[in-house]
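Have a look at the structure below, then the notes.
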Ligand SMILES: Cc1ncc(COP(=O)(O)O)c(C=O)c1O
């Protein structure tokens, strides 16, 4: 293990603080390292592994597609691209799909689509309002929309036309709107920002404001989509009817993919030559997407995720009741976080890992959990027992003389 980690430190860019384990295989909610130690994976590839690891249906779809046709380019039609788009259109309130390769690229596509619409329909309106602590990706458009200064500042200047306002502050959105504003971009629940929930009525108010001022409502469902919050899309939880929705992460069960979904009235503004990507809509990724989405729908995994969430939340709240270190539980479905009394999330994540649980220190004072949608009751109980033991060990170490 140490040789491999040393090699990584020599040959890869050092832009990640990786956990010191080498993962070699996975099955369902579990992964194994190169010393055959097993871990319950409650990070889930950062909300990607919606069906868990090595799901047989997804693995078979990838293998079959790999032996049939991996790549063709967008110069030709293929069956999986149309099938996946049809599934998304049939199960959403959006009319058309543009496939790309990642979350950031979906956001770039949404920004370009909004600007194209603003160019044609709103006399060149192009401004995007997004939110402090929102996260939309690392490419320049997505980064400009991202509401965390420390991610943007070393790479300034940013592309113009982006403003950030406080999350849950509708008054600030209204104050920031002018005749050049074309869209509001929001995550229904801020994931990377720390699993920050919208206040009651905030997202509905945002949509009403967009309608009133003829702005597009773009929802970044890259983390909240694909069943994670207990419905296929989080916008359903809030009764919203967005103009554009961005997806990625869980859409193809772990194979890189992204998608921009839009209403016909918006989508029709992108014409041949306006936008493109070599790999987008490729047969391998879209076949994996078809298998993943069918599994999510056939097995009613959003509803199962909601039930699993009830159990996980009640177990986490019980830990909160017993430990002064855990001060709250927030989130929805299987996008959950516990808040901590101290900035000790990295210590807790380490202690969990040493005991066989992978969790994510999303904020210095918050630990995030994003297990697969088909996580079992026993796995939830086991994970919470490990978490409580880890928290107790840290509290005990603090109390020691
Ligand atoms: C809400 C949201 N939007 C966009 C992104 C960027 O996605 P990607 O890392 O695939 O570019 C992420 C990634 O964490 C995300 O959580």
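In the numbering used here, the protein residues as written are -17 to 383.
Backbone N, C-alpha and C define an ideal beta-carbon position, used for all residues, glycine too.
request  = Check whether the Cβ of residue 115 sits closer than 7 Å to any heavy atom of ligand 1, and report yes or no.
outcome  = On the chain shown, residue 115 is found 133 positions in, with the first residue counted as 1. Checking the Cβ of residue 115 against ligand 1 gives no.
query = Buried or exposed: where does residue 387 fall if 16 or more other Cβ atoms within 10 Å of its Cβ makes it buried?
reply = The shown model of the chain, from -17 to 383, leaves out residue 387, and the question about it has no answer.
key: Same chain only: Cβ atoms within 8 Å of residue 306, ignoring 5 sequence neighbours per side   = On the chain shown, position 324 is the one that residue 306 refers to. Taken in chain order, the residues that qualify are 323 and 377.
query = How is the alpha helix (DSSP H) around residue 332 delimited, first residue to last?
reply = Working through the chain shown from its first residue, we reach residue 332 at position 350. Note, residue 332: alpha helix (DSSP H), 327 to 336.
inquiry  = So for residue 256, helix, strand or coil by DSSP?
reply    = Here the question's residue 256 lines up with position 274 in the chain shown. DSSP places residue 256 in coil when its eight states are reduced to three.
query = Under 8 Å between the Cβ atoms of residue 29 and residue 172?
reply = What you label residue 29 is simply residue 47 of the chain shown in a count that begins at 1. What you label residue 172 is simply residue 190 of the chain shown in a count that begins at 1. Cβ distance not < 8 Å, so residue 29 and residue 172 don't count as in contact.
message = ligand 1 and residue 204: does any heavy atom of the ligand fall closer than 7 Å to the residue's C-beta?
response = Indexing the chain shown from 1 puts residue 204 at position 222. It does: the Cβ of residue 204 is within 7 Å (strictly closer) of some heavy atom of ligand 1.
request  = Can you check DSSP and say which residues form a bridge with residue 314?
outcome  = To locate residue 314, count along the chain shown from 1; it is residue 332. Partner(s): 317.
Option in 354, 264 and 290 with minimal Cα separation from residue 56 = To locate residue 56, count along the chain shown from 1; it is residue 74. For residue 56, the nearest C-alpha among the options comes from 264.
query = Just reading off the beta strand (DSSP E) that residue 146 is part of, what are its end residues?
reply = Position 164 of the chain shown, counted from the first residue, corresponds to residue 146. Looking at the DSSP string, the run of the beta strand (DSSP E) that includes residue 146 is 144 to 147.
key: Among 354, 95 and 294, nearest to residue 258 - alpha-carbon criterion   = In the chain shown, the residue the question calls residue 258 occupies position 276. The option with the nearest alpha carbon to residue 258 is 95.
message = Please classify residue 285 as buried or exposed, where buried requires at least 16 neighbouring CB atoms within 10 angstroms.
response = By one-based count along the chain shown, residue 285 stands at place 303. By the neighbour-count rule (16 or more Cβ atoms within 10 Å), residue 285 is not buried but exposed.
query = ligand 1 heavy atoms versus the CB of residue 118: any closer than 7 Å?
reply = Start at 1 with the first residue of the chain shown, and residue 118 comes out as number 136. True, at least one ligand heavy atom lies under 7 Å from that Cβ.
query = Using the C-alpha atoms, what's the distance from residue 349 back to residue 343?
reply = What you label residue 343 is simply residue 361 of the chain shown in a count that begins at 1. What you label residue 349 is simply residue 367 of the chain shown in a count that begins at 1. If you take the alpha carbons of residue 343 and residue 349, they lie about 5 Å apart.
query = Regarding residue 316 and ligand 1, is the C-beta to nearest heavy atom distance less than 7 Å?
reply = Reading the chain shown from its first residue, position 334 is the one you call residue 316. Residue 316: no, Cβ never under 7 Å from ligand 1.
query = For the 8 Å Cβ check, are there 3 or more pairs between the stretch 224 to 236 and the stretch 79 to 88?
reply = yes
ask   = Among 267, 188 and 21, which residue has its Cα nearest to the Cα of residue 353?
value = As a working note, residue 353 is residue 371 in the chain shown. Measuring from the Cα of residue 353, the nearest candidate turns out to be 21.
inquiry  = Against chain B, with Cβ distances strictly below 8 Å, would residue 204 count as a contact?
reply    = The chain inventory of the structure shown lacks chain B, comprising one protein chain alone.
key: residue 113 versus residue 146 - alpha carbon distance   = Counted from its first residue, the chain shown places residue 113 at position 131. Counted from its first residue, the chain shown places residue 146 at position 164. Cα to Cα, residue 113 sits roughly 5 Å from residue 146.
ask   = Applying the criterion that 16 or more other CB atoms from any shown protein chain within 10 Å of the CB defines a buried residue, is residue 23 buried or exposed?
value = Against the chain shown, residue 23 aligns to sequence position 41. Burial call: buried.
ask   = Got a sec, what are the start and stop residues for the alpha helix (DSSP H) residue 184 sits in?
value = For the purposes of this step, residue 184 is taken as the residue at position 202 of the chain shown. Its alpha helix (DSSP H) spans residues 184 to 195.
inquiry  = With distance defined between alpha-carbon atoms, name the residue in 380, 334, 292 and 381 nearest to residue 364.
reply    = As a first step, residue 364 is located in the chain shown; it is residue number 382 there, counting from the start. It is 334.
ask   = Is any heavy atom in ligand 1 found nearer than 7 Å to the beta carbon of residue 28?
value = For the purposes of this step, residue 28 is identified with residue 46 of the chain shown, where counting begins at 1. Yes, since a heavy atom of ligand 1 falls inside the 7 Å radius drawn around the Cβ of residue 28.
ask   = Can you give, in chain order, each stretch of the alpha helix (DSSP H) that sits fully within the stretch 37 to 64 and has at least 4 residues?
value = 38 to 48
query = Going straight from the alpha carbon of residue 4 to that of residue -6, what length do you get?
reply = On the chain shown, position 22 is the one that residue 4 refers to. On the chain shown, position 12 is the one that residue -6 refers to. If you take the alpha carbons of residue 4 and residue -6, they lie about 15 Å apart.
task = Go ahead and pull the three-state DSSP assignment for residue 205.
result = For the purposes of this step, residue 205 is taken as residue 223 along the chain shown, with counting starting at 1. Three-state result, residue 205: coil.
ask   = Quick one: Cα of residue 60 to Cα of residue 139, how far?
value = Taking the first residue of the chain shown as 1, we reach residue 60 at position 78. Taking the first residue of the chain shown as 1, we reach residue 139 at position 157. Distance between the alpha carbons of residue 60 and residue 139 is about 40 Å.
inquiry  = Starting from residue 303, trace the alpha helix (DSSP H) in both directions and tell me its first and last residue.
reply    = Numbered from its first residue, the chain shown carries residue 303 at position 321. First-last of the alpha helix (DSSP H) with residue 303: 283 to 304.
ask   = For residue 228, which beta-bridge partners are listed by DSSP?
value = The residue given as residue 228 occupies position 246 in the chain shown. BP columns for residue 228 point to 202 and 242.
ask   = Should residue 368 be listed as close to ligand 3, given that the test is whether its C-beta is under 7 Å from any heavy atom?
value = Ligand 3 is not among the ligands present in this structure, which contains only ligand 1.
ask   = Does the count of Cβ pairs from the stretch 233 to 252 and the stretch 159 to 178 closer than 8 Å reach three?
value = no
task = Report, in whole angstroms, the separation of the C-beta atoms of residue 143 and residue 128, which I expect to be a contact under 8 Å.
result = The residue given as residue 143 occupies position 161 in the chain shown. The residue given as residue 128 occupies position 146 in the chain shown. With a Cβ gap of about 14 Å, residue 143 and residue 128 do not count as contacting.
query = With distances taken between CB atoms, is the gap from residue 226 to residue 244 smaller than 8 Å?
reply = Taking the first residue of the chain shown as position 1, residue 226 is located at position 244. Taking the first residue of the chain shown as position 1, residue 244 is located at position 262. For residue 226 and residue 244, yes; Cβs fall inside 8 Å.
request  = Would you kindly check if the distance between the Cβ of residue 270 and the Cβ of residue 44 is under 8 Å?
outcome  = Walking along the chain shown from the start, residue 44 turns up at place 62. Walking along the chain shown from the start, residue 270 turns up at place 288. Yes, the Cβ-Cβ distance between residue 44 and residue 270 is below 8 Å.
task = Enumerate in chain order the residues of its own chain whose CB-to-CB distance from residue 102 is below 8 Å, with the five nearest sequence positions on each side excluded.
result = Locating residue 102 in the chain shown gives position 120, counting from the first residue. Once the five neighbours on either side are set aside, the close Cβ partners of residue 102 are 251.
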